[in-house]
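So the sequence lines, in the order shown, correspond to chains R and U.
Going by the numbering used here, the first residue of the first sequence is number 201, and it counts up by one from there.
Going by the numbering used here, the first residue of the second sequence is number 176, and it counts up by one from there.
Read the structure below first, then the notes.
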Amino acid sequence: MKDDAQLIDEAIAGDSAAFGQLVTRYQDRLYNTLVHVLQSTDTARDAVQEAFVQAYVKLESFERASGFYTWLYRIGMNLAISRRRREKPAVSVDHARDALGHEPVDPGAAPGAKLEQEERAAQVQAALATLSEEHRSILILREVDGCAYEQIAEILDLPIGTIRSRLHRARLQLRDQLKGIFQEETT
Amino acid sequence: MIPERREELISAYLDGELAPDERAQVEKWLEESPELRQLHDDLRWLGSSIRSLPRHKLDQDLATAVVRRAERTVLGGDSQPSPAPEVRPGQSIATWWLRGAGWRRLAWPALALAAALMILLFNSDEREAQREVAQAPKDAPKTAARRDAPGEADGSRPQGAVAMDNEQDAYRAASSAQGEARLEKPAGAMRLKSPAGAVPATAPALGAAADRETTQSSVRARKMSAAVDERLDAVVCEVTPEFLRDKGFEKLLERLNVVGSVEEAPSPDAAVVKNSIEPAPPEAKTPSMLRPDSRRAYVVQATEEQVAKIITELSKQADQVKRVSDERSRSEKESRGRTVVVGARRHHFVLQMSPAAPAEPVEGESKP
């Protein structure tokens with residue numbers, strides 16, 4: 201399997217199929233992140249597509265100091281943030297559930313547990329929606345995507361110190377939002 | 176109350192983002208402080224809650240749609256969806272290039288380079304242009320002096336006369352550049368109204384400016400023609416108008432799987448827009464080689480073997496390709512002593528239209 205650098209070289213040389221492979225490789229990962237950031241599956245789909253189009257158009261300017269995925273994320277997050285600012289956030293549990301669709305939480309779980317998990321997921325998503333976009337983006341990149349601080353700093357173009365403090369503040373806010381279920385589960 | 180810095184360090188500790196000494200410090204605090212332990216547990220639970228959110232997946236592969244849209248964006252024609260190129264493994268670069276995505280990407284840089292070269296040429300000829308203006312009444316009375324002639328101020332000057340001068344200058348320039356001295360066209364043979372000709376006879380006050388523009392236009396025309404004729408490293412072909420019109424050369428490149436792009440190709444339509452050609456009298460026959468759309472230059476990226484193949488294939492099309500002359504080595508010889516950029520893969524081809532019918536003898540014509 202070709203690595204990203206090879207596919208990028210081929211795409212720059214004119215082989216659009218090589219870029220197609222990069223799309224296939226990263227589309228779901230980026231989509232999942234943007235769904236949580238944008239709180240909307242439809243908007244996230246558009247943003248993912250637009251991010252890849254922009255990446256293709258700007259591919260020759262990609263300096264490769266970071267990974268392709270980090271660079272792509274930066275484009276995607278910038279798009280997501282600008283889209284998010286144009287739209288109203290979804291804050292209720294029902295709205296979060298509707299906006300994010302009904303993705304199976306754990307297909308193997310028992311029906312009762314499954315319902316419980318889905319309910320909890322909807323509550324977490326609704327709580328995430330109450331965060332400011334800058335806090336939510338950092339939290340999603342860290343927890344959902346598993347990005348290191350350095351990567352997050354590069355994607356969001358912020359110093360690592362800022363990432364660390366914002367991430368902590370985002371966590372504290374989310375904990376306050378979810379205090380109810382947290383107490384339920386820990387007692 | 177836990178100091179904020181300690182809280183942040185707990186958060187970073189959970190993320191594995193601490194240096195060894197910081198990690199040791201946090202572990203010590205966790206042993207000592209129940210509050211910090213509680214925060215640690217809360218944040219760990221929180222992380223696990225977020226990570227257990229369902230993962231969203233797209234229900235389709237976006238590759239085709241993305242590449243289609245991206246190519247349209249690169250082509251700059253998003254409003255008119257072109258026949259969408261499918262994502263095909265192993266698609267050749269040549270095909271992609273000839274479909275437009277490749278050369279379009281390079282079109283602006285190439286145009287910028289061409290513009291820079293032309294500016295250099297014009298600047299170097301600035302004095303020549305000024306001399307021509309100064310000598311115009313003596314050397315070319317019909318150009319400048321005609322504007323001072325009685326009757327022009329009231330608009331009775333034949334429409335398009337200024338443009339005609341432009342055109343004649345351009346023809347003369349093209350003629351001298353080609354070593355032909357037969358291009359002195361009779362006045363009125365073809366009525367052209369170029370941008371310079373937009374200075375109307377009813378605006379005599381602008382005559383001087385029009386003179387300058389006319390002269391500069393002729394210098395420009397001469398330089399453009401010379402730029403093509405003095406092209407280094409070119410294969411020069413004489414082809415029929417149909418061959419040019421039907422893009423015979425582009426088709427040949429595509430057939431041979433060779434990458435190429437039009438370097439300068441003023442289309443007939445563009446020429447009409449540019450020059451506002453009015454219906455010419457039926458007797459006016461312009462040597463087709465001299466029309467602005469009579470010549471195209473191509474840059475072809477190919478190996479020497481491929482160039483040889485192109486020449487062979489062109490030579491086979493005798494009905495449409497009248498002459499093929501590989502003037503690359505000659506150019507190199509002539510340019511000895513000058514700085515020549517010899518690209519290993521870039522070759523120039525100049526296609527010029529051969530006259531469809533013999534041109535009528537024109538005034539001042541002389542055979543070499």
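The C-beta atom is built at its ideal place from N, Cα and C for all residues, glycine as well.
Because the structure is a prediction, the values reported are computed rather than measured.
For D501 of chain U, the three-state secondary structure derived from DSSP is strand. At a cut-off of 9 Å, the C-beta of T362 of chain R has no neighbouring C-beta in chain U.
Boundaries around A211 of chain R are those of the alpha helix (DSSP H), D204 to I212, since no beta strand (DSSP E) includes it. With a cut-off of 8 Å on Cβ pairs, the segment 234–248 of chain U is in contact with the segment 217–227 of chain R, counting three or more such pairs. Per DSSP, R521 of chain U is one residue of the beta strand (DSSP E) stretching across R521 to M528. Interface criterion not met: the Cβ of Q239 of chain R is under 9 Å from no Cβ in chain U. Under a 10 Å Cβ-count criterion, L428 of chain U is classified as buried, with 16 or more other Cβ atoms of the shown protein chains found around its own Cβ.
DSSP places Q476 of chain U inside the beta strand (DSSP E), whose first and last residues are R470 to Q476. Excluding the 5 residues flanking it on each side, N232 of chain R has same chain C-beta neighbours closer than 7 Å at V344, in chain order. Of all residues in the segment 178–202 of chain U, the ones placed with a Cβ closer than 7 Å to any Cβ belonging to chain R are E182, E183, S186, A187, D190 and E192, in chain order.
Of the residues U:S469, U:L431, U:R521 and U:A245, the one whose Cα lies closest to the Cα of T487 of chain U is U:L431.
One alpha carbon belongs to R283 of chain R, the other to R247 of chain U, and they sit about 22 Å apart.
Q492 of chain U is a Cβ neighbour of F418 of chain U, given a cutoff of 9 Å. Here the alpha carbons of A477 of chain U and G435 of chain U stand approximately 8 Å from one another. With respect to chain R, the C-beta atom of L233 of chain U has a partner C-beta closer than 9 Å. For N278 of chain R, the nearest beta carbon of chain U is not closer than 9 Å to its own beta carbon. For E197 of chain U, the uninterrupted alpha helix (DSSP H) run begins and ends at P195 to E207, by DSSP.
Shown here for I212 of chain R: same chain residues with a beta carbon closer than 7 Å to its own, the five before and five after excluded, namely L259 and E260 in chain order. At a C-beta separation below 8 Å, F252 of chain R has these neighbours in chain U: L237, V241 and A245.
Assigned with DSSP and collapsed to three states, E263 of chain R falls in coil, not helix or strand.
In the three-state scheme derived from DSSP, where H, G and I count as helix and E and B as strand, G435 of chain U is classed as strand.
Look at the segment 254–277 of chain R: the residues with a C-beta under 7 Å from a C-beta of chain U are Y256 and V257. For V248 of chain R, the enclosing alpha helix (DSSP H) has its first and last residue at T241 to V257. With three or more CB-CB distances shorter than 8 Å, the segment 260–276 of chain R counts as touching the segment 233–251 of chain R. In this structure, the straight-line span from the alpha carbon of R181 of chain U to that of V201 of chain U is close to 8 Å. Look at H236 of chain R: its C-beta is under 9 Å from a C-beta on chain U. Here L367 of chain R is near I352 of chain R, since their CB atoms are less than 9 Å apart. Taking a Cβ-Cβ threshold of 8 Å, the residues of chain U close to A321 of chain R are S227, L228 and P229, in chain order. Between the segment 358–365 of chain R and the segment 205–216 of chain U, the count of C-beta pairs closer than 8 Å stays below three; the two stretches do not touch.
Around the C-beta of E263 of chain R, fewer than 16 other C-beta atoms lie within 10 Å, and the residue is accordingly described as exposed. Cβ contact annotation for L189 of chain U (same chain, cutoff 8 Å, sequence separation greater than five): H215, L218, R219 and G222, in chain order. Taking the CA atoms as reference points, E350 of chain R sits about 26 Å from K232 of chain U. A straight line joining the alpha-carbon of K497 of chain U with that of L279 of chain R spans about 56 Å.
Within chain R, the residues Y256 and V257 have their CB atoms less than 8 Å from the CB of V249 of chain U, given in chain order.
Per DSSP, reduced to three states, the secondary structure at E413 of chain U is strand. Inclusion of M277 of chain R and L207 of chain R in the CB contact set at 9 Å is not warranted, their separation being larger than that value.
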